[in-house]
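Here the sequence shown stands for residues 40 to 241, numbered as in the working numbering. Glycine is no exception: its CB is placed at the ideal position from the N, C-alpha and C atoms. One structure below.
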Amino acid sequence: MEMLSRLPRPTRMRLRKKPKKLGEWRSVVAKSLANSMAALKELETGHYLWKVRRKKFRGIKWYKRKFRIDYEKLYLHYLPAANPISKKLYIAAPNKLFRIDLADVVEVRKGFSTDTFNEVQRLMKTTSKKNKFLIPDNCLSIIFDHRSKGKADRSYTLDLVCTDEEIRNKWFDAFDQLIESMKEVEYQKEYELYLRERFNSA
């Protein structure tokens, strides 16, 4: 605690007051989402979605994973790949691995709105069975803060394809509401991201 008190204040902040304790902002956001999200229970259970990745040498790859939101701790969880190593890691630490911190989310977009989706649309073969799902109404992209991956020059994205527009809209609304709720605790969230960045670079 003495070490924390000597750290300089972060400069990238907007709101309000200094946090009373670390992690407090998560409970504030969780309560806000619980009061406003109609699809709360459904997204806690989760859906199978396709994660689309653009690989440098292997081209476009699709990975079917089950995603679910932990509204209490504010993490996006997903099931690992169906290989022995991933399964063992998941069994060993199911609540620590294969999850994404929702504190890092800065934007959510509908449709083909990232370089990855534009590339997928260009390279997708007309004979692919996935073509019936690859339409703008089924797609969304989650944009993350570049600091969470140590990328100083750009953000990174999670590009997802849903089975239909209704499911896409539920996920989009969840992340849209998350972003709006986090604006009310921006100071505290930024303070914790700053501390994490300082310790990771130490």
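The beta strand (DSSP E) that contains V147, what's its start and end? Here residue 147 is taken as the residue at index 108 of the sequence shown, counted from 1. Unbroken beta strand (DSSP E) run through V147: V144 to K149.
Residue ranges of each beta strand (DSSP E) within the stretch 73-102, 3 or longer: 86-94
If you follow the alpha helix (DSSP H) that F214 is part of, which residue opens it and which one closes it? Within the sequence shown, residue 214 is the residue found at index 175, counting from 1. Here the alpha helix (DSSP H) through F214 covers E204 to K222.
For F106, which residues does DSSP report across the bridge? Numbered from its first residue, the sequence shown carries residue 106 at position 67. For F106, which the question treats as bridged, DSSP gives the partners H86 and Y117.
Where K95 and N74 are concerned, what is the direct C-alpha to C-alpha distance, given to the nearest angstrom? Position 56 of the sequence shown, counted from the first residue, corresponds to residue 95. Position 35 of the sequence shown, counted from the first residue, corresponds to residue 74. Taking the straight line joining both Cα atoms gives about 42 Å.
Does the Cβ of A77 have 16 or more other Cβ atoms within 10 Å, making it buried, or fewer, making it exposed? Looking up residue 77 in the sequence shown gives position 38. Exposed.
Going by other Cβ atoms of all chains shown within 10 Å of its Cβ, with 16 needed for buried, is K190 buried or exposed? By 1-based counting over the sequence shown, the position of residue 190 is 151. Bear in mind that the predicted position of K190 carries a pLDDT of just 46, short of 50, making it too unreliable to give a figure here.
Local conformation of S180 per DSSP, three classes: As a first step, residue 180 must be located in the sequence shown, where it is residue number 141. Of the three classes helix, strand and coil, the one that applies to S180 here is strand, per DSSP.
So which of L197, D154, E204 and I99 has the shortest CA-CA distance to E146? One-based indexing of the sequence shown puts residue 146 at position 107. Among L197, D154, E204 and I99, the Cα nearest to that of E146 is on L197.
Going by other Cβ atoms of all chains shown within 10 Å of its Cβ, with 16 needed for buried, is S167 buried or exposed? By one-based count along the sequence shown, residue 167 stands at place 128. It is exposed - the Cβ of S167 has fewer than 16 other Cβ atoms within 10 Å.
Can you give me the start and stop residues for the beta strand (DSSP E) that L199 sits inside? The count along the sequence shown starts at 1 and reaches residue 199 at position 160. That run of the beta strand (DSSP E) goes Y195 to V200.
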